[in-house]
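J.: Here it is, the structure in full.
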Amino acid sequence: MKRIITYGTFDLLHYGHINLLRRAKQYGDYLVVALSTDEFNWNQKQKKCYFDFEKRKQLLEAIRYVDLVIPENGWEQKVSDIIEYHIDTFVMGDDWAGKFDFIEEKTDATVIYLPRTPEISTSQIKQDLEKFNK
Ligand code: C2G
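Per my numbering, the very first residue in the sequence shown carries number 31; after that it's consecutive.
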């Protein structure tokens, strides 16, 4: 069984996230999503989520490509996650290109960066909604 992992906030879940998850799943049979906790988002990513962790987790668990959702509590857990969950492939959108190459030195996992879906983002949705409601 080929196992994949990816990380993210996935707030205001949109088709860009789904595109990433669908393509990530193509690298194997079992996709683990490490979902950023509310504390991690706020303390380390300066992101205030619209949906809290439990709601974002519920949404991700409803996606056919996702097999397991685990919490992402910090930047440093990736290597131990990959070992603990016997991950073969680590996948991220290419806005992270190069940032996680160290994983290939520290684990047997392959690192893949996939092109982002260009025109959509959570911040874009929030900006558009503000405009619509003016
Ligand atoms: N993504 C994408 N296309 C978009 C928006 C997002 O492919 N239009 C991808 C991102 O590249 C990322 C994943 O979807 O791989 C989740 O995006 P975010 O929720 O914004 O995740 P991020 O804040 O980048 O957190 O430790 C890593 C971090 O947790 C990643």
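Cβ coordinates follow ideal geometry from the N, Cα and C atoms, glycine included. Since the model is a prediction, treat every value here as computed from it, not as a measurement.
What residue does the alpha helix (DSSP H) around ALA54 start on, and which one ends it?
T.: Its alpha helix (DSSP H) spans residues 45-55.
J.: Reducing DSSP to helix, strand and coil, say where PHE83 ends up.
T.: If DSSP states are grouped into helix, strand and coil, PHE83 belongs with the helices.
J.: Do LEU50 and ligand 1 come close, with the Cβ less than 6 Å from some heavy atom?
T.: yes
J.: For LEU98, decide whether its Cβ has a neighbour in chain B, counting only Cβ atoms nearer than 7 Å.
T.: Absent from the structure: chain B. Only one protein chain is present.
J.: Would you say the beta carbon of MET122 is closer than 6 Å to some non-hydrogen atom of ligand 1?
T.: yes
J.: Return the CA-CA distance between VAL62 and LEU98, expressed in angstroms with no decimal places.
T.: Distance between the alpha carbons of VAL62 and LEU98 is about 5 Å.
J.: Looking only at its chain, what residues have a beta carbon closer than 8 Å to the beta carbon of GLU91, apart from the 5 residues adjacent to it on each side?
T.: The answer, listed in chain order, is VAL99.
J.: Taking 6 Å as the cut-off, is the CB of ASP158 close to at least one heavy atom of ligand 1?
T.: no
J.: Compute every distance between the C-beta of ASP138 and the non-hydrogen atoms of ligand 1, then say whether any falls below 6 Å.
T.: no
J.: Let me check you understand the geometry: is the CB of TYR115 closer than 6 Å to at least one non-hydrogen atom of ligand 1?
T.: No, Cβ of TYR115 sits at least 6 Å from all heavy atoms of ligand 1.
J.: Are there any heavy atoms of ligand 1 lying less than 6 Å away from the beta-carbon of ARG86, as far as the coordinates show?
T.: no
J.: Could you tell me if the beta carbon of ARG146 falls within a distance shorter than 6 Å of some heavy atom in ligand 1?
T.: yes
J.: Does the stretch 120-132 come close enough to the stretch 73-91 that 3 or more CB-CB pairs lie under 8 Å?
T.: no
J.: DSSP three-state call for VAL99: helix, strand or coil?
T.: strand
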